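Undergrad: Take this structure first; my questions come after.
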Amino acid sequence: VTSDKLIEGGCGYHILGDFSFYAGDWSGGREALMKARDAATRPSDKVGVMQEMAAAAVAQRKIPEALTLLDEAQKAADTPTTAALVPVNRGYTLLTAQRYKDAIAAANDAVKAADGGTLPPGFSRNLRIQALRVRVSAEALSGDANAAQASSATLDAEAMAHADDPVAQSTM
3 VTSDKLIEGG CGYHILGDFS FYAGDWSGGR EALMKARDAA TRPSDKVGVM
53 QEMAAAAVAQ RKIPEALTLL DEAQKAADTP TTAALVPVNR GYTLLTAQRY
103 KDAIAAANDA VKAADGGTLP PGFSRNLRIQ ALRVRVSAEA LSGDANAAQA
153 SSATLDAEAM AHADDPVAQS TM
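Here it is as structure tokens:
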């Protein structure tokens, strides 16, 4: 693969964006990721870049910008799998903003997607685990100990049901 092909597909811009963020150049990183998003030819690549842009916005405490980017990512998703992680990322963003009820709602949306039967089994299980992590965090941070304990028990049950899955085991 030549460097021209990397730039053409957005990958080179994506890498440049990551390097810029790690170097503390937020505006340069955002600019590079915008180019990566614009150069991406597949909706899944565009969605991935938009979610990374949202994460960078959260790191800068630009929550409204992050939520707007996640809205755009949700609209750009062309398959259930591409769309599935957006509510989890929205939940993490809302946790950062201390909007716990909204984070729980986003986590519940992701659980519904995981349990809906339209996603591959392994992906669905991992999505469910990530969503439950958001939910238990939001419940605990909002002071709802009973709900947090119930969600934690659900995570434990998920881990016990899938003893061969290291992702599930990491939740115990």
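Using the working numbering, you'd call the opening residue of the sequence shown number 3 and step up by one each time.
Virtual Cβ for every residue (Gly too), placed ideally from N, Cα, C.
Keep in mind the model is a prediction, meaning the values are calculated, not measured.
Tell me whether Lys64 sits in a helix, a strand or coil according to DSSP, three-state version.
TA: It is coil, neither helix nor strand.
Undergrad: Can you find the residues in the same chain that come closer than 6 Å, C-beta to C-beta, to Ala56, ignoring five residues on each side of it along the sequence?
TA: Ala68, Leu71, Leu72, listed in sequence order.
Undergrad: Do you know how far the Cα of Gln76 is from the Cα of Ala25?
TA: So the alpha carbons of these two residues sit roughly 29 Å apart.
Undergrad: Whole angstroms is fine: what's the gap from Arg135's alpha carbon to Gln62's?
TA: The alpha-carbon atoms of Arg135 and Gln62 are separated by roughly 23 Å.
Undergrad: Tell me the residue span of the alpha helix (DSSP H) that contains Ser144.
TA: Ser144 -> no alpha helix (DSSP H), and no H or E assigned at all.
Undergrad: Can you list the alpha helix (DSSP H) stretches of 4 or more residues lying completely in the segment 68-127, in chain order?
TA: The qualifying runs are 82-98, 102-117.
Undergrad: In three-state terms, what does DSSP make of Ala43?
TA: First, the amino acid is wrong: residue 43 is Thr here, not Ala. Coil.
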